[in-house]
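**Student:** Using the working numbering, the letters of the sequence shown correspond one by one to residues 408 to 716. For each residue, glycine too, the CB sits at the ideal point set by N, CA and C.
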Amino acid sequence: MKNFKFSYLLVLFLVFNLIFAGCSSNKNESATEEVQNSAPDMATDSGSIAPQPEMEGIDYISDPKSIEPDKIITTVSIYMQTKDFMPTVEKLNSLIEKHKGYIETSNISYNNYVYSSALKRSEYTIRIPRENLSNFKKELTEIGNIISENTSKMDITKQYRDTQSRLKVLETKEARILALLEKAEKMEDIIALENQLSTIIYDKENLTANIMNMDDSVNYSTVNFQLEEVAKLSSGDNIKTPFGTRVMNALKESAYYAGRFFEDAIIALIYFFPYGIVISIIGYLVLKIIKRRKGKSIRKDANKDQTPQ
């Protein structure tokens, strides 16, 4: 009897172990299957993580190499000096043509008189394709002495998207009104719908023009370029310029301005020479008249002294 009970308990123990092992293996297999089923969603055939779908509501950059949003208006202001105005202008025109740009406005002045010579000055508004702007600025440094450069950027991505959304809304309204016009029979309904349609068309044209203007401003960067002809180019020294270079530049500028001073002094004397002759003649006549009057007065006083009392 005791052996029977022991055998019975042993059988129950083995049965429970088998059931527990089977449950554990089922759990592990199901977990493994879940991981394997989810793995294709996260990995590609090569084992790398697959790209995740884009989240809605986020504006992504069109060029992955760029950190700027797609709709950026770039404006550059450059001031340049040159000693040879017309050759520099010709090089500038060649650069603009090379980089597929164009001159929007230009103004050239010949009335800036410095050191008795008519030095020229010009102002340009240049439009350069966005992708060519960097190379254009780099090559621009080779045709003259750039004194200053300023770059500003304006992000209009939100404004552009809002304008596009408003345009789509108007297009939807236009389609609905056209559908209602086809069904309208009363003259007053037709007139009211046509008035609404004309307003929508007007607003659509304005929004379309705004989008075209924004595209033009984004695709073609604006370069405000100022070119000035000078008798001597600026040295461009700064705190990082070596001491020896600054000394040499100071000596050169001192010699230049000293020579310019003596040249201006000689030119001033030449200008003054005719006036000096006239002033000298007038002064000589005045002195002669004064001496004559003094001589007359002296003789009168002498005659008075010789007269008997």
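Per DSSP, what kind of secondary structure is Asp-562 in: helix, strand or coil?
**Tutor:** The answer is strand: DSSP assigns Asp-562 an E or B state.
**Student:** Of all the options Ala-591, Thr-512, Ile-550, Lys-545, which has the alpha carbon lying nearest to the alpha carbon of Glu-497?
**Tutor:** Ile-550
**Student:** Which of helix, strand or coil does DSSP assign to Glu-556?
**Tutor:** Residue state for Glu-556 is assigned as strand, using DSSP reduced to three classes.
**Student:** My guess is that Glu-636 and Lys-490 are in contact by the Cβ rule of under 8 Å, so how many angstroms apart are they, rounded?
**Tutor:** 7 Å
**Student:** State the beta-bridge partners of Thr-512 as determined by DSSP.
**Tutor:** DSSP lists Thr-532 as partners of Thr-512.
**Student:** For a test of the three-state rule: what should DSSP assign to Lys-639, helix, strand or coil?
**Tutor:** coil
**Student:** Return the residue from the list Phe-650, Pro-649, Ser-628 that minimises the CA-CA distance to Leu-540.
**Tutor:** Considering only alpha carbons, the answer is Ser-628.
**Student:** Go to Ile-485, then tell me how far its alpha helix (DSSP H) extends in each direction, as first and last residue.
**Tutor:** Run containing Ile-485: none in the alpha helix (DSSP H); it sits in the beta strand (DSSP E), 479-489.
**Student:** Spell out the partners DSSP gives Gln-603 in its beta bridges.
**Tutor:** Per DSSP, none; premise fails for Gln-603.
**Student:** Hey, quick one: how far does the alpha helix (DSSP H) through Lys-544 stretch, first residue to last?
**Tutor:** 540-547
**Student:** When DSSP labels each residue in this structure, what does Lys-507 get in the three-state scheme?
**Tutor:** coil
**Student:** From the DSSP secondary-structure annotation, give me the bridge partner or partners of Tyr-627.
**Tutor:** Pro-536
**Student:** What's the gap between the Cα of Ile-465 and the Cα of Ser-516?
**Tutor:** Unreliable placement is indicated for Ile-465, whose pLDDT of 35 sits below 50; the coordinate value is still reported in the next sentence. Approximately 50 Å between the Cα atoms of the pair.
**Student:** So who's on the other strand from Leu-499, going by DSSP bridges?
**Tutor:** In the DSSP output, where bridge partners are listed per residue, Leu-499 has none listed.
**Student:** From the DSSP output, in three-state form, read off Lys-527 for me.
**Tutor:** In the structure shown, Lys-527 sits in a strand (DSSP, three-state: E or B).
**Student:** Between His-506 and Asn-557, is the Cβ-Cβ spacing less than 8 Å?
**Tutor:** no
**Student:** Rounded to whole angstroms, how far is the Cβ of Asn-514 from the Cβ of Glu-504, which I believe are closer than 8 Å?
**Tutor:** About 20 Å; that fails the 8 Å criterion.
**Student:** State the Cα-Cα distance for the pair Val-483 and Asp-562, rounded to the nearest angstrom.
**Tutor:** 15 Å
**Student:** Would a C-beta distance cut-off of 8 Å place Leu-614 and Leu-574 closer than the cut-off?
**Tutor:** Yes, these two residues count as a Cβ contact at 8 Å.
**Student:** Pull up the distance between the alpha-carbon of Ser-624 and that of Ala-616, whole angstroms please.
**Tutor:** 12 Å
**Student:** In angstroms, rounded to a whole number, what distance separates the CA positions of Asn-631 and Tyr-486?
**Tutor:** 9 Å
**Student:** Which residues does DSSP list as the beta-bridge partners of Gln-633?
**Tutor:** Tyr-486, Glu-530
**Student:** If distances are taken between C-alpha atoms only, which option among Asn-552, Ile-480, Pro-536 comes closest to Lys-639?
**Tutor:** Asn-552
**Student:** Excluding the 5 residues flanking Ile-607 on each side, which residues of the same chain have their C-beta closer than 8 Å to its C-beta?
**Tutor:** Leu-577, Lys-580, Glu-581, Ile-584
**Student:** Are Gly-508 and Ile-479 closer than 8 Å when you measure CB to CB?
**Tutor:** no
**Student:** Let me confirm a value: Thr-495 is counted as buried when at least 16 other C-beta atoms fall within 10 Å, else exposed. Which label applies?
**Tutor:** buried
**Student:** Closest to Arg-528 by CA distance: which of Lys-560, Gln-633, Lys-611 is it?
**Tutor:** Gln-633
**Student:** Just to check my reading of the structure: Pro-476 and Thr-570 have Cβ atoms closer than 8 Å, yes? What is that Cβ distance to the nearest angstrom?
**Tutor:** In fact, because the Cβ distance is near 15 Å, the residues do not count as touching under 8 Å.
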